[in-house]
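All remarks here apply to the structure that follows.
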Amino acid sequence: EVDHLTKDDSSLESIVRRFQDSVSVSKKHKFWETQPVGQFKDVGDTSLSEGPIEPPTPLSEVKQEPYNLPSPYEWTTCDMDSEESCNEVYNLLKNNYVEDDENMFRFNYSKEFLRWALHPPGYYRSWHIGVRAKESKKLVAFITGVPARIRVRDEVVKMAEINFLCVHKKLRSKRLAPVMIKEVTRRVHLENIWQAAYTAGVVLPTPITTCQYWHRSLNPKKLIDVGFSRLGPRMTMSRTIKLYKLPDSPATPGFRKMGLRDVAAVTRLLKNYLSQFVVAPDFDEDDVEHWLLPTENVVDSYLVESPETHEITDFCSFYTLPSTILGNQNYTTLKAAYSYYNVATKTPLLQLMNDALIVAKQKDFDVFNALDVMHNESFLKELKFGPGDGQLHYYLYNYRVRQALRSSELGLVLL
Ligand code: MYA
Numbered sequence: 540e541v542d543h544l545t546k547d548d549s550s551l552e553s554i555v556r557r558f559q560d561s562v563s564v565s566k567k568h569k570f571w572e573t574q575p576v577g578q579f580k581d582v583g584d585t586s587l588s589e590g591p592i593e594p595p596t597p598l599s600e601v602k603q604e605p606y607n608l609p610s611p612y613e614w615t616t617c618d619m620d621s622e623e624s625c626n627e628v629y630n631l632l633k634n635n636y637v638e639d640d641e642n643m644f645r646f647n648y649s650k651e652f653l654r655w656a657l658h659p660p661g662y663y664r665s666w667h668i669g670v671r672a673k674e675s676k677k678l679v680a681f682i683t684g685v686p687a688r689i690r691v692r693d694e695v696v697k698m699a700e701i702n703f704l705c706v707h708k709k710l711r712s713k714r715l716a717p718v719m720i721k722e723v724t725r726r727v728h729l730e731n732i733w734q735a736a737y738t739a740g741v742v743l744p745t746p747i748t749t750c751q752y753w754h755r756s757l758n759p760k761k762l763i764d765v766g767f768s769r770l771g772p773r774m775t776m777s778r779t780i781k782l783y784k785l786p787d788s789p790a791t792p793g794f795r796k797m798g799l800r801d802v803a804a805v806t807r808l809l810k811n812y813l814s815q816f817v818v819a820p821d822f823d824e825d826d827v828e829h830w831l832l833p834t835e836n837v838v839d840s841y842l843v844e845s846p847e848t849h850e851i852t853d854f855c856s857f858y859t860l861p862s863t864i865l866g867n868q869n870y871t872t873l874k875a876a877y878s879y880y881n882v883a884t885k886t887p888l889l890q891l892m893n894d895a896l897i898v899a900k901q902k903d904f905d906v907f908n909a910l911d912v913m914h915n916e917s918f919l920k921e922l923k924f925g926p927g928d929g930q931l932h933y934y935l936y937n938y939r940v941r942q943a944l945r946s947s948e949l950g951l952v953l954l
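And the structure:
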């Protein structure tokens, strides 16, 4: 599986993958060809206008019963407040979710993270969908949606963000995924929502943009030992450790953790910053409180409060997503921080992000990852990030964008 867990670029493999992606536009997509998404045949057709591909249908015309599953399986709604359901989901994903191209690492989203990701303001429990084996009652597949307002140019559109699509390894290639996608679509429609946003490591019809992950080593020795990165040419371990060394504490005066009292100021900063991107979330204070207020081992946010004026001028954040290291004698877990939303109005973005690296190092992360979205390109190389070996494609469902965006025109980070 090629998906959005990437590690340092290993050039031959990534050349092969880029070649495969370039021919994949001619591949048949028996399912995706039937869906209201931009089709490969329409790429470059400027007569097609931007916006919804299909109009909404009256709610009474939305199918009232769930789609049929193959007879050994049944639908279940996963209540993430229940310790037992949350454990089942956690274990399904821990053992069957996204791996890198070479199957060395697998995402290991924590239970606290899953609860946070699935319980934003206005969430629907009915959008947390599981599939069980009827006989054993074992959870064998999962898909989720959460509501979001996403702006595309001047239009704010109610959407579902679809994530955590997972089919047990033993049940792959049986066309379960299309049934799950249709079922989540049906349940989103029942709430009178007709658009969705999602990301995937695979090429499907048709990405609105394609991003690359970049990785900044914080614990280079471990990263090399577990095969996440390699010693560069003409580099020794001790030179490598020195190269990635960081100061013990942040440099910017007034740099501190975000608190509840900062929600209004951070919302203002973020709204203003995100308004420049073609596609970005439309966050209100409730969203900011949920998505950006620090939650231990889930999301970290820092800001700069001017020591003189007490004005809040800059903001940075990252989320915690460890990966299981598959088959290593010495280590079981890779601790990774993922850059989330960052806004610099006074402190240079480079300095702000260097401070983010410093606090991530203090918190014992092994690596800091960032996509080349928003203004991230301006600090990646200088702060010694290296390009990853996989790509992340962004998609919208039932919404056409006239032309693919540059990754720097995207203001959206999905978990
Ligand atoms: S991305 C993360 C996806 N998960 C993983 O990579 C975990 C490991 N892999 C698996 O668990 C399975 O391989 C999955 C596929 C479940 C991915 N997004 O059942 P199949 C198409 C969309 O025989 P399996 C995330 O969570 C594939 O092209 N479609 O295959 C966002 C083919 O269709 P077509 C995908 O390998 C998810 C069909 O499925 C993906 O057993 C967003 C094959 O089905 C993928 N990542 O299972 C979902 N992978 O023939 C879309 C394969 O046409 C949401 N496929 O090429 C759309 C919006 C819905 C809401 C709308 C509301 C209005």
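Position one of the sequence shown corresponds to residue 540 (the working numbering), numbered consecutively onward. Even for Gly, the Cβ is constructed at its ideal location relative to N, Cα and C.
Residue i: first and last residue of the uninterrupted beta strand (DSSP E) it sits in
i	result
SER878	875–878
ASN908	906–910
TYR812	From DSSP, TYR812 is part of no beta strand (DSSP E) but of the alpha helix (DSSP H) over 802–813.
THR724	That residue, THR724, is in no beta strand (DSSP E); its alpha helix (DSSP H) goes 715–728.
VAL503	In the structure as shown, the chain begins at 540 and stops at 954. Residue 503 is therefore absent and cannot be evaluated.
GLU613	612–616
PHE816	That residue, PHE816, is in no beta strand (DSSP E); it is neither H nor E in DSSP.
ARG795	794–796
TYR783	Unbroken run through TYR783: none, as it is neither H nor E.
HIS667	667–672
Candidates the options, of which the one nearest residue i by Cα
i	options	result
PHE816	VAL843, VAL912 and VAL802	VAL912
LYS709	TRP733, LYS677 and GLY684	LYS677
CYS855	GLN868, THR872, GLU835 and LEU831	LEU831
LEU935	GLY929, TRP733 and TRP666	TRP733
TYR870	ASN758, MET619 and PHE570	ASN758
HIS914	LYS900, TYR880 and HIS932	TYR880
PRO861	ASP581, LYS633 and GLN930	LYS633
GLY866	PHE644, LYS567, THR585 and LEU587	PHE644
GLY590	PHE579, ARG726 and PRO575	PRO575
TYR933	VAL837, LEU910, ILE720 and ARG800	LEU910
ASN836	LYS885, TYR877 and SER610	TYR877
GLY798	ARG773, LYS923 and GLU828	GLU828
ALA899	ASN642, GLU824 and PRO786	PRO786
VAL727	ILE747, PRO746, LYS697 and LEU715	LYS697
ILE592	LEU743, VAL952 and ASN937	ASN937
ASN630	TYR648, ASP853, PRO595 and GLY927	TYR648
LEU922	LEU587, LYS760 and LYS784	LYS784
ASP853	THR791, ALA656, LYS580 and PHE904	THR791
LYS810	HIS754, VAL695 and ARG755	VAL695
TYR662	ASP618, VAL940 and LYS796	ASP618
Residue i to residue j span [Cα, whole Å]
i	j	result
THR749	LEU949	10 Å
THR834	PRO659	13 Å
GLU651	VAL670	22 Å
SER947	ARG688	20 Å
VAL843	THR779	31 Å
PHE907	PRO887	19 Å
GLU850	VAL882	14 Å
THR724	ARG690	20 Å
ASP825	THR585	38 Å
ILE864	LEU704	21 Å
GLU604	GLU916	47 Å
ARG714	THR683	18 Å
ARG692	VAL818	6 Å
LYS569	LEU743	11 Å
PHE857	LEU953	12 Å
THR872	PHE924	21 Å
Range of the contiguous alpha helix (DSSP H) that encloses residue i
i	result
ILE897	888–901
LYS650	650–657
TRP830	824–831
ASN501	The first residue shown for the chain is 540 and the last is 954, placing residue 501 beyond what the model contains.
PHE918	916–919
Status (buried if at least 16 other CB within 10 Å, exposed otherwise) for residue i
i	result
VAL956	The shown model of the chain, from 540 to 954, leaves out residue 956, and the question about it has no answer.
GLN942	exposed
VAL541	Unreliable positioning characterises VAL541 in this predicted model, as indicated by a pLDDT of 32, which lies under 50. A coordinate reading is not provided.
LEU770	exposed
THR848	exposed
PRO611	exposed
ASN642	exposed
ALA680	buried
ARG711	exposed
VAL597	First, the amino acid is wrong: residue 597 is Pro here, not Val. Under this definition PRO597 is an exposed residue.
ARG945	exposed
ASP823	exposed
PRO846	exposed
Closer than 6 Å: residue i CB and nearest the ligand FMN heavy atom
i	result
VAL837	The ligand FMN is not among the ligands present in this structure, which contains only the ligand MYA.
*asked:* Could you tell me which whole alpha helix (DSSP H) segments of length 4 or greater appear in the region 738–775?
replied: 759–764
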